[in-house]
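Residues 2 to 487 (this note's numbering) make up the sequence shown, in order. Glycine included, each C-beta is placed from N, C-alpha and C at the ideal position. These figures come from a predicted structure and were not determined experimentally. Here the structure comes first, spelled out in C-alpha cells, and everything after it is commentary.
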Amino acid sequence: VPDTLRDELIEWIRGADRRDIDADGNTTEARRQIGDPLHARPVAVEYGSSAEDPDTVVFVSTNDGFLHAVDAQTGVEVWSYVPGRLLARQYELYLDQQSTVRRYGLDGEIRLFRGTIDGNARKVLVFGMGRGGDAVFAIDVTVRNAPRLLWQIDSSTAGFASLGRVWAAPPVVRMDIGGQRPVVVLSGGYDDSQDNRGYRTDNVGNALFFVDLETGAKLWSAGPDGHDLDLPSMQHSIPAAPRVLDVSGDGLADRLYVGDVGGRLWRFDVINGNSAASLVEGGVLASLGAADLGASPPASEIRRFYVTPDAVLVDCIDGTFLALNIGSGYLGHPLDTDVEDAFFSVRDPNLFAPIATAEYPEPITAGELLDITDDPTAEVPVDARGWRLRMVEDAGEKILRPAITFDNTTFFNSFAPSAQVSACAGGLGVNRGYVVDACNGNPVNNLDGSTEPGPLGTSDRFRQLSQTGIAPEPSLLLLDMGGRDA
Numbered sequence: 002v003p004d005t006l007r008d009e010l011i012e013w014i015r016g017a018d019r020r021d022i023d024a025d026g027n028t029t030e031a032r033r034q035i036g037d038p039l040h041a042r043p044v045a046v047e048y049g050s051s052a053e054d055p056d057t058v059v060f061v062s063t064n065d066g067f068l069h070a071v072d073a074q075t076g077v078e079v080w081s082y083v084p085g086r087l088l089a090r091q092y093e094l095y096l097d098q099q100s101t102v103r104r105y106g107l108d109g110e111i112r113l114f115r116g117t118i119d120g121n122a123r124k125v126l127v128f129g130m131g132r133g134g135d136a137v138f139a140i141d142v143t144v145r146n147a148p149r150l151l152w153q154i155d156s157s158t159a160g161f162a163s164l165g166r167v168w169a170a171p172p173v174v175r176m177d178i179g180g181q182r183p184v185v186v187l188s189g190g191y192d193d194s195q196d197n198r199g200y201r202t203d204n205v206g207n208a209l210f211f212v213d214l215e216t217g218a219k220l221w222s223a224g225p226d227g228h229d230l231d232l233p234s235m236q237h238s239i240p241a242a243p244r245v246l247d248v249s250g251d252g253l254a255d256r257l258y259v260g261d262v263g264g265r266l267w268r269f270d271v272i273n274g275n276s277a278a279s280l281v282e283g284g285v286l287a288s289l290g291a292a293d294l295g296a297s298p299p300a301s302e303i304r305r306f307y308v309t310p311d312a313v314l315v316d317c318i319d320g321t322f323l324a325l326n327i328g329s330g331y332l333g334h335p336l337d338t339d340v341e342d343a344f345f346s347v348r349d350p351n352l353f354a355p356i357a358t359a360e361y362p363e364p365i366t367a368g369e370l371l372d373i374t375d376d377p378t379a380e381v382p383v384d385a386r387g388w389r390l391r392m393v394e395d396a397g398e399k400i401l402r403p404a405i406t407f408d409n410t411t412f413f414n415s416f417a418p419s420a421q422v423s424a425c426a427g428g429l430g431v432n433r434g435y436v437v438d439a440c441n442g443n444p445v446n447n448l449d450g451s452t453e454p455g456p457l458g459t460s461d462r463f464r465q466l467s468q469t470g471i472a473p474e475p476s477l478l479l480l481d482m483g484g485r486d487a
C-alpha cells in the first residue's frame, strides 16, 4: 500500500466512503456497502432482558473479509472484525478493479454457543472461512459491545495439519475429556481438489477434531495416520458438520454420524471420561459412492456427501429404527449431470452399544438398500438395511441440502440444472420439495395435484418449488393455532 494512501485505506476499511461511491462529493460519510454473504447465514443473539426489549444483534460474515455485528432494531453496525490474514486484501478491494477471479473472505457458516463455561454464562461464535481459507475462529460475544477473540487455528497450527476449508457451522457440545467441558466438533473441511471432476482422494479435510471451546486446544482427532484414532480408509474430505447425539441421555455427546465426499457414512462412539487414546471408536457404517469401487469408478457412481445426515428414531409397523437420512450431490459442480444421485435412508442396527473400531462390520452398500424409486407402496422388510430413492425426475437431479424428519415424515429438497438454450443462458435450475414416509419412502400426500381417484403414485412424493437457484433445506415452523399446534 503506498504511504500516501495508508490513512485513507484505514478510513475506508472502517467504513468511510473515501472513494465517493455515491458521487455526492462527501468522502467522510458512511459507505452503504458490504461484501456478499454468499454461503453464510446471519445469526441473531439477544442481549435484552425481556421479549419487549430483546436488544438483538445480528452477526453475519461476508466475502470482503468481515464479521459484522448489526443492531437488529436500527440497522447500525455495532462493531466489525476482520482477521489479520485478510487485511492485505483490503487494498485490492479498495482499488475495485475488474477481475474474472472470484475472491472469498469469511465464507463459512456461524455456530452460536450459548451456555456456561466454568460456571459463567457465555456467548461464543465459532466459524470457519469457507472457501476463503483454512482458518477457524472463536469470538466471545458475551458482552454486547466488547467482543473478544478467544482463538484461531489453521493448518499451520500444531495438530491441525489436515485441516481443510471449513464450510459448515461446527457443533458445540458437552463431553467429558479430562473433565466436562464444551467441545467444538470440527469436521476436517473441504479439499479444493474436489472441484476437479472425477474420482480422487484428498490430502486435507479428511479428518475430525475435538477442540476445547475456551482455549482452541486440540483434545482429540481422527484421520488416516498420525491421529489419536488412525483410520486408513478416511481418504476423503468432510465438508459437512457431523450429526451429534446423546444416546445415553446423560447430557454428554456420545455418538456422531458424518458423511464424506467419497460417499461414505461414518459412525463414531465417544466413551466419555476416557483419555484421548481410547476416547472414540469409529468406522465406516455405509459406503454409498465410489470410495470402494477401485481407482477408476464409473462417473455415475461418484456420489458425494456435502450435507449433515438427519438422524432420527422412526416408529414403523415392523419396529423402531435409528434412520440416517442423507442425499448425495456434487455441490462443487451443481450443474453436473453425470452422477446418478440418490436419497438414502440407512438403518443403524446397533443403537445403544458402541462398536469397537477393530470390529466394524462390512459397510452397507447402495445395493443392499431397497430401491423404492418406482414403487409408491414399498414394504421395507424388518431385516433390511434401509431404502434408497434414486433422483430420476431430471438429468442431474441431486440433493445439496440436509433433510429433516418430523412425526415419521421426512422432508428434503432436490435441485436439477435447467436445460440451457445457449452457453450464456442463466439456467437457474429446478427445485423439488420431497415429503415421504420415513419408514419406507412412500408418498404421504397428494402432491401432484391429481384429481383422479386412486392410490398415491410416485409423483406424489414431491412438488416442484417456485424458487430457482439452489433452494435451502426445509424448515419446520410450529405454531399455536387456537390451542393446537400446527
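When the beta-carbon positions are compared, G290 and T338 stay at least 7 Å from each other. Across the structure, L336 and L294 are spaced so that their CA atoms are roughly 24 Å apart. For the pair of segments examined, the stretch 74-94 was found not to touch the stretch 182-197: the number of CB pairs separated by less than 8 Å stays below three.
One thing to note: A439 has its Cβ within 7 Å of the Cβ of A324.
Proximity of the stretch 309-316 to the stretch 202-219 falls short of the contact definition, fewer than three beta-carbon pairs being nearer than 8 Å. Annotation for E93: the continuous alpha helix (DSSP H) segment containing it runs R90 to L96.
Within the model, the alpha-carbon separation for F413 versus T101 is close to 34 Å. Here DSSP, grouped into helix, strand and coil, assigns A277 to helix. P310 is positioned such that its CB atom lies closer than 7 Å to that of I327. Annotation for I118: the continuous beta strand (DSSP E) segment containing it runs I111 to I118.
Taken through DSSP and simplified to helix, strand or coil, T378 comes out as coil. Restricted to the stretch 7-86, the beta strand (DSSP E) segments that are unbroken, complete and at least 3 residues in length are 44-47, 57-62, 68-72 and 78-82, listed in chain order. Under DSSP, W152 takes part in a beta bridge, and its partners are A139.
Taking C-beta atoms under 8 Å as the contact rule, P377 and G455 fail to qualify, at a distance of about 11 Å. Closest by C-alpha distance to N441, out of T358, G320 and L352, is G320.
The alpha-carbon of A159 is positioned some 35 Å away from that of L352. In the three-state reduction of the DSSP assignment, S188 falls in the strand class. Here the alpha carbon of H237 sits roughly 13 Å from the alpha carbon of D226. Taking C-beta atoms as the reference points, S415 and R391 fail to come closer than 7 Å. Rounded to whole angstroms, S288 and V431 show a C-alpha spacing of 28 Å.
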